[in-house]
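Enquirer: One structure, as structure tokens, below. Some questions next.
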Amino acid sequence: MSVFINAKDLKEQASIVDLLANLGFKPARKTGKEYLYISMLREGDTNPSLSVDDALGVWFDHGTRKGGNIIDFGLAYWKYLTFNEVVEKLQEHCAVQ
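Note that our numbering has the sequence shown beginning at 13, numbered continuously upward.
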């Protein structure tokens, strides 16, 4: 299976909320369909500023003004890994085949 197909499957099937839980992060609060986290992408964040809409499969960090899908999150979280390595990490943590 190619990385392209795996990346496509990840975007369609994987949950950002589940990924964050598997990485040990819990939402600070939930409002409607939005989960709010203290950003793990920035040092020193103390207010819930990373929002996740799991139904849409997107996230947005209000502090950095960056967001995207689960792969974009993986690239931001594991910033020193290559795209292929990030896809592999996401597969491990999200159990998507």
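No residue lacks a Cβ here, since even glycine has one placed at the ideal position from N, Cα and C. These numbers were taken from a predicted model, which means no experiment stands behind them.
Return helix, strand or coil for E24, following the three-state DSSP convention.
Expert: Helix.
Enquirer: In chain order, what residues of the same chain have a beta carbon less than 6 angstroms from the beta carbon of W71, not counting five sequence neighbours either side?
Expert: These residues qualify, in order along the chain: I28, V64, G79, F85.
Enquirer: Taking only the alpha-carbon atoms, compute the straight-line gap between Q103 and F37 and give it to the nearest angstrom.
Expert: Roughly 18 angstroms separates the two Cα atoms.
Enquirer: If you follow the beta strand (DSSP E) that Y49 is in, where does it begin and where does it stop?
Expert: Run containing Y49: 46–50, per the beta strand (DSSP E) assignment.
Enquirer: When the Cα atoms are used, what is the spatial distance from M13 to D21?
Expert: Note that M13 has pLDDT 47, beneath the 50 cutoff, so the model's placement of it is unreliable and no number is given.
Enquirer: Taking the alpha-carbon of K91 as reference, which of A19, R54, K23, K42 has the nearest alpha-carbon?
Expert: It is R54.
Enquirer: Do K23 and N96 have their C-beta atoms closer together than 8 angstroms?
Expert: No, Cβ-Cβ distance for K23 and N96 is not below 8 angstroms.
Enquirer: For D66, which three-state DSSP category applies?
Expert: If DSSP states are grouped into helix, strand and coil, D66 belongs with coil.
Enquirer: Excluding sequence positions up to five away, which residues of its chain have a Cβ less than 7 angstroms from the Cβ of N34?
Expert: Cβ neighbours of N34 beyond the five flanking positions: H105.
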